[in-house]
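Student: My structure is below; once you've seen it, I'll send some questions.
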Amino acid sequence: MLKRISALILAGATALTMAGCGSSDSGSGGSGDSSGGGAKDGKIVMGFAQVGAESGWRTANTKDIQETAKEAGIDLKFSDAQQKQENQIKAIRSYIQQKVDVIAFSPVVESGWDTVLKEAQNAKIPVILTDRAVDSQDTSLYKTFLGSDFIEEGKKAGQWLVDQYKDSKDDVNIVQLEGTTGSAPANDRKSGFEEVVKADPKFHIIASQSGDFTRAKGKEVMEAFLKSNPDIDVLWAHNDDMGLGAIEAIEGAGKVPGKDIKIITADATHDGMQALADGKINFIVECNPLMGKQLMELAKKVVNGEQVPQRVVTEETTFTQEQAKEVLPSRKY
Amino acid sequence: MSRILKHRLFWPVVVLVALLLLNLVFTDGFFRIEMKEGHLYGSLIDIFRFGAPLILVATGMTLVIATSGIDLSVGSVVAIAGALACMRISDLSDQNSVAGVLSAVGIALVLSVVLGLWNGFLVAGIGIQPIIATLILMVAGRGLAQLITDGQITTVQSSSYKLIGGGYWLTLPFGIIIVAVVLALTAFLTRRLALGLLIESVGGNAEASRLAGISARGVLIMVYAFCGLCAGIAGLMISSNVSSADGNNAGLWIELDAILAVVIGGTPLSGGRFSLSGTVLGALIIQTLTTTIYSIGVPPETTLLFKALVVTIVCLIQSPAFRAKVFHRRRRPVPASTAPEEKVRVSA
Numbered sequence: 001m002l003k004r005i006s007a008l009i010l011a012g013a014t015a016l017t018m019a020g021c022g023s024s025d026s027g028s029g030g031s032g033d034s035s036g037g038g039a040k041d042g043k044i045v046m047g048f049a050q051v052g053a054e055s056g057w058r059t060a061n062t063k064d065i066q067e068t069a070k071e072a073g074i075d076l077k078f079s080d081a082q083q084k085q086e087n088q089i090k091a092i093r094s095y096i097q098q099k100v101d102v103i104a105f106s107p108v109v110e111s112g113w114d115t116v117l118k119e120a121q122n123a124k125i126p127v128i129l130t131d132r133a134v135d136s137q138d139t140s141l142y143k144t145f146l147g148s149d150f151i152e153e154g155k156k157a158g159q160w161l162v163d164q165y166k167d168s169k170d171d172v173n174i175v176q177l178e179g180t181t182g183s184a185p186a187n188d189r190k191s192g193f194e195e196v197v198k199a200d201p202k203f204h205i206i207a208s209q210s211g212d213f214t215r216a217k218g219k220e221v222m223e224a225f226l227k228s229n230p231d232i233d234v235l236w237a238h239n240d241d242m243g244l245g246a247i248e249a250i251e252g253a254g255k256v257p258g259k260d261i262k263i264i265t266a267d268a269t270h271d272g273m274q275a276l277a278d279g280k281i282n283f284i285v286e287c288n289p290l291m292g293k294q295l296m297e298l299a300k301k302v303v304n305g306e307q308v309p310q311r312v313v314t315e316e317t318t319f320t321q322e323q324a325k326e327v328l329p330s331r332k333y
Numbered sequence: 001m002s003r004i005l006k007h008r009l010f011w012p013v014v015v016l017v018a019l020l021l022l023n024l025v026f027t028d029g030f031f032r033i034e035m036k037e038g039h040l041y042g043s044l045i046d047i048f049r050f051g052a053p054l055i056l057v058a059t060g061m062t063l064v065i066a067t068s069g070i071d072l073s074v075g076s077v078v079a080i081a082g083a084l085a086c087m088r089i090s091d092l093s094d095q096n097s098v099a100g101v102l103s104a105v106g107i108a109l110v111l112s113v114v115l116g117l118w119n120g121f122l123v124a125g126i127g128i129q130p131i132i133a134t135l136i137l138m139v140a141g142r143g144l145a146q147l148i149t150d151g152q153i154t155t156v157q158s159s160s161y162k163l164i165g166g167g168y169w170l171t172l173p174f175g176i177i178i179v180a181v182v183l184a185l186t187a188f189l190t191r192r193l194a195l196g197l198l199i200e201s202v203g204g205n206a207e208a209s210r211l212a213g214i215s216a217r218g219v220l221i222m223v224y225a226f227c228g229l230c231a232g233i234a235g236l237m238i239s240s241n242v243s244s245a246d247g248n249n250a251g252l253w254i255e256l257d258a259i260l261a262v263v264i265g266g267t268p269l270s271g272g273r274f275s276l277s278g279t280v281l282g283a284l285i286i287q288t289l290t291t292t293i294y295s296i297g298v299p300p301e302t303t304l305l306f307k308a309l310v311v312t313i314v315c316l317i318q319s320p321a322f323r324a325k326v327f328h329r330r331r332r333p334v335p336a337s338t339a340p341e342e343k344v345r346v347s348a
């Protein structure tokens, strides 16, 4: 407790000085370790620029990368960009100066990376993108992109639904809670799901709104859906949190989540898996943050000059209620 | 008739009615209110229920703006209050114990007031401009909330805590009752006692008020503390409604909605005069707009544009100068003597 309080005070003080002087130098993302230098002892040195710590998913992702780097014998230099592109660019530049062997990062946003990636290319340091893509035209700027295929996730959700209702002739009314408008997971999960479901005319997506990936919005939007559409059979939520919010709305309307309204979500966070095991969610498509092992393998190949595919999809699965009960005790996040 | 037309709440009411009529046309059963599971259930109830936190935050904001200040930190206070309460409750051995929940709520509210006092101290004690002083907490506060929750979403399973934002009492959502009590108290303090006059006088001219014997500094600090308290209660409501604290997203941008509600309600940003009923109307307009978007199914890609259009229309229609220009030929010209008064209104 004392530790937390002192951490609070320290953070408050730091934030104050930041806001006070507004200097452009503040918060260089903790990349200031000066050990630097390439692989003197034969160890591969990797610079990793993380987005931040905005969700449980991201925390699990960070922890996994740090652990697997240790196991793989890779010297990891880690920085946290706190959701800011300029911090991330700064961190990457410092990695270039330190002459690391390979740079990996999860871009905060899609655009604006060409300059700094060119600098890495000129310094002959290979770059691996993790989790999120960049929209650069020049694909030679990075070696490979390791991350989830959100379209595939949407398709998996849709396929489960099609299988569930394959013997039924009745119309199926679906409502959709979309993620933050314009974000890649929201766009892709939506299009993947709709592609599969629209093949059969009995499925109708009767309402679709953004719930901003949050529980509060998920609940609010679902309340409105329940009132304007009396016959909802299925809810497809782009992440667990919105689904969890919607469950509360459904219960408040006197219906039973998982039975009266079938619920499909994506991510498989701890709370989501718990709800799945409790029978309130019917199906979860995993979006796996544990990509460390694959990342370390790719890094070794890239440093050794081996060819790697431009796109590597993380190993992901799906969970039914029975599977959730089995794996829940051993989940890492 | 012309007296009704000139009433300053006339146009906000017109907008609210227009939005509701839009729903009458496009959404079946929008006005239906039924009993479900022993409480009232319907879209109109939802508007009040989800609008409750905004009404609270906007109430505090109204008083701050009346002193010609502004409080940008309310969103962060919302996140901190929810995070602290949920953290305390999740540490309890019995999460349903009323005493434990009350102490968690108490601590969260005390911290909210302290944060408000901090803002007040920066503004009144040191003399930093309100927009900068509260910006500090706006930026730092979310970090604080994240530190409290370790950057995770903290889930609690407490039926007593759930009551605040998601529960019902006497068939009414408990949040609405809280809002009614806070509003009644605020209205009593500011309209029946001299406090409202003091606030308006400080907002009109702080130096003149001081010379007239009003403790401008005390009034300012109190107003910011009250705003913090309102934001804290709103934070408890928001986190209790979903039984979890999300340091990242709880109350995100609520400060802008609150300022908008205050402005729609006819309180000028230049301070010196305020309308609590106008603010409530403004908050209800914003929440009705949100619910309308979900109900009639505006595509998510165009939601923001739709909102922007409605807000622009609301602001234009409230501006006497705009009305005078557009409807110029139909009405007799505005007498020149009222011009300065109306200019103040335009800035709203």
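Here the protein sequences line up with chains E and C, keeping their order. Taking my numbering, I'd label the letters of the first sequence as residues 1 to 333. Taking my numbering, I'd label the letters of the second sequence as residues 1 to 348. All C-beta atoms, glycine included, are put in the ideal place defined by N, C-alpha and C.
Using 8 Å as the limit for Cβ to Cβ distance, is Ile153(C) near chain E?
Tutor: If you number the second sequence from 1, residue 153(C) lands on position 153. So, interface residue.
Student: Starting from Lys70(E), trace the alpha helix (DSSP H) in both directions and tell me its first and last residue.
Tutor: The residue labelled residue 70(E) in the question sits at position 70 within the first sequence. Note, Lys70(E): alpha helix (DSSP H), Gly56 to Ala72.
Student: Give every residue of the same chain whose Cβ lies closer than 7 Å to the Cβ of Thr27(C), excluding the five residues on either side of it in the sequence, and list them in chain order.
Tutor: Here the question's residue 27(C) lines up with position 27 in the second sequence. These residues qualify, in order along the chain: Ser295 and Ile296.
Student: Can you name the start and end residues of the alpha helix (DSSP H) that Val13(C) belongs to?
Tutor: For the purposes of this step, residue 13(C) is taken as the residue at position 13 of the second sequence. Phe10 to Phe26 is the span of the alpha helix (DSSP H), which, as asked, contains Val13(C).
Student: Measuring only between beta-carbons, confirm whether Pro185(E) sits less than 8 Å from chain C.
Tutor: Along the first sequence, one-based indexing puts residue 185(E) at 185. No, because no Cβ of chain C sits closer than 8 Å to the Cβ of Pro185(E).
Student: Show which residues of chain C have a CB atom less than 7 Å away from the CB atom of Glu56(E).
Tutor: Walking along the first sequence from the start, residue 56(E) turns up at place 56. A small fix is needed here, since residue 56(E) is Gly in this sequence, not Glu. Those within 7 Å of Gly56(E) in chain C are Gln152 and Ile153.
Student: Counting beta carbon pairs with one atom in the stretch 200-211 of chain E and one in the stretch 170-183 of chain E, are three or more of them shorter than 8 Å?
Tutor: Because the criterion of three Cβ pairs below 8 Å is met, the stretch 170-183 of chain E and the stretch 200-211 of chain E touch.
Student: Which residues, taken in chain order from the stretch 236-250 of chain C, show a beta carbon closer than 8 Å to some beta carbon of chain E?
Tutor: Here the close residues are Ile238, Asn241, Val242, Ser243, Ser244, Asp246, Asn248, Asn249 and Ala250.
Student: Measuring only between beta-carbons, confirm whether Val221(E) sits less than 8 Å from chain C.
Tutor: The sequence position of residue 221(E) within the first sequence is 221, counting from 1. Yes, contact with chain C.
Student: DSSP state of Ser208(E), grouped into three classes?
Tutor: As a working mapping, residue 208(E) is identified with position 208 in the first sequence. It is a strand residue.
Student: Is the CB of Phe50(C) under 8 Å away from at least one CB in chain B?
Tutor: Among the protein chains in the structure shown, which are E and C, there is no chain B.
Student: Are at least three pairs of beta-carbons, each pair with one atom in the stretch 225-236 of chain C and one in the stretch 222-232 of chain E, less than 8 Å apart?
Tutor: As far as the Cβ criterion goes, the stretch 225-236 of chain C does not touch the stretch 222-232 of chain E, which means the pair count is below three.
Student: Would Gly245(E) count as contacting chain C if we go by Cβ distances under 8 Å?
Tutor: The residue given as residue 245(E) occupies position 245 in the first sequence. Gly245(E) counts as touching chain C.
Student: Would you give the residue range spanned by the beta strand (DSSP E) that Arg311(E) belongs to?
Tutor: Translated into the one-based positions of the first sequence, residue 311(E) becomes position 311. Residues Arg311 to Val313.
Student: Compute the distance between the beta-carbons of Gln95(C) and Gln157(C), then report whether it is under 8 Å.
Tutor: Reading the second sequence from its first residue, position 95 is the one you call residue 95(C). Reading the second sequence from its first residue, position 157 is the one you call residue 157(C). Yes, these two residues count as a Cβ contact at 8 Å.
Student: Looking only at its chain, what residues have a beta carbon closer than 6 Å to the beta carbon of Ala53(E), apart from the 5 residues adjacent to it on each side?
Tutor: Along the first sequence, one-based indexing puts residue 53(E) at 53. Only Thr59 meet the Cβ criterion.
Student: Taking just the CA atoms, how far does Gln287(C) sit from Leu20(C)?
Tutor: Here residue 20(C) refers to the residue found at position 20 of the second sequence. Here residue 287(C) refers to the residue found at position 287 of the second sequence. So the two alpha carbons sit approximately 11 Å from each other.
Student: Is Lys325(C) close to chain E, meaning its C-beta is less than 8 Å from at least one C-beta of that chain?
Tutor: Counting from one through the second sequence, the residue named residue 325(C) turns up at place 325. Taking Cβ atoms only, chain E never reaches closer than 8 Å to Lys325(C), which makes this a no.
Student: So, using beta-carbon positions, are Met138(C) and Ser73(C) closer together than 8 Å?
Tutor: As a first step, residue 138(C) is located in the second sequence; it is residue number 138 there, counting from the start. As a first step, residue 73(C) is located in the second sequence; it is residue number 73 there, counting from the start. Their beta carbons are under 8 Å apart, which means Met138(C) touches Ser73(C) by this criterion.
Student: Does the Cβ-Cβ distance between Asp133(E) and Glu153(E) come in under 8 Å?
Tutor: For the purposes of this step, residue 133(E) is taken as residue 133 along the first sequence, with counting starting at 1. For the purposes of this step, residue 153(E) is taken as residue 153 along the first sequence, with counting starting at 1. The identity of residue 133(E) in the sequence shown is Ala, whereas the question assumes Asp. Taking 8 Å as the Cβ cut-off, Ala133(E) and Glu153(E) do not qualify as a contacting pair.
Student: From Ile382(C) to Leu305(C), what does the alpha carbon distance come to, in whole angstroms?
Tutor: Residue 382(C) lies beyond the range of chain C shown here (1 to 348); nothing can be said about it.
Student: If you compare alpha carbons, which of Lys255(E), Lys219(E), Leu226(E) and Gly254(E) is closest to Leu244(E)?
Tutor: On the first sequence, residue 244(E) is found 244 positions in, with the first residue counted as 1. It is Lys219(E) whose Cα lies nearest to the Cα of Leu244(E).
Student: Within 8 Å (strictly less), CB to CB, does Thr62(C) reach chain E?
Tutor: Walking along the second sequence from the start, residue 62(C) turns up at place 62. False, the Cβ-Cβ gap to chain E never drops below 8 Å.
Student: For His328(C), is the classification buried or exposed, using 16 other Cβ atoms within 10 angstroms of its Cβ as the cut-off for buried?
Tutor: Position 328 of the second sequence, counting from 1, holds the residue named residue 328(C). So His328(C) counts as exposed.
Student: Could you tell me whether any Cβ in chain E is nearer than 8 Å to the Cβ of Glu37(C)?
Tutor: Locating residue 37(C) in the second sequence gives position 37, where the first residue counts as 1. Judged by the 8 Å Cβ criterion, Glu37(C) is in contact with chain E.
Student: By the 8 Å beta-carbon criterion, what residues does the stretch 193-224 of chain C contribute toward chain E?
Tutor: Those residues of the stretch 193-224 of chain C that come within reach of chain E (Cβ to Cβ, closer than 8 Å) do not exist; the list is empty.
Student: Measuring alpha carbon to alpha carbon, tell me which of Lys307(C), Tyr224(C) and Trp169(C) ends up nearest Leu40(C).
Tutor: Position 40 of the second sequence, counting from 1, holds the residue named residue 40(C). The option with the nearest alpha carbon to Leu40(C) is Trp169(C).
Student: Considering only DSSP beta bridges, list what His39(C) is partnered with.
Tutor: Your numbering for residue 39(C) matches position 39 in the second sequence. Answer is Lys36(C), bridged to His39(C).
Student: Output needed in chain order: residues of the stretch 227-241 of chain E with a Cβ under 9 Å from some Cβ in chain C.
Tutor: Listed by position along the chain: Lys227, Ser228, Pro230 and Asp241.
Student: Tell me which residues share the same chain as Ser23(E) and place their Cβ nearer than 8 Å to its Cβ, disregarding the 5 neighbours each side in the sequence.
Tutor: Within the first sequence, numbered from 1, the residue matching residue 23(E) stands at position 23. A caution first: Ser23(E) carries a pLDDT of 35, below 50, which makes its placement in the model too unreliable to give a value.
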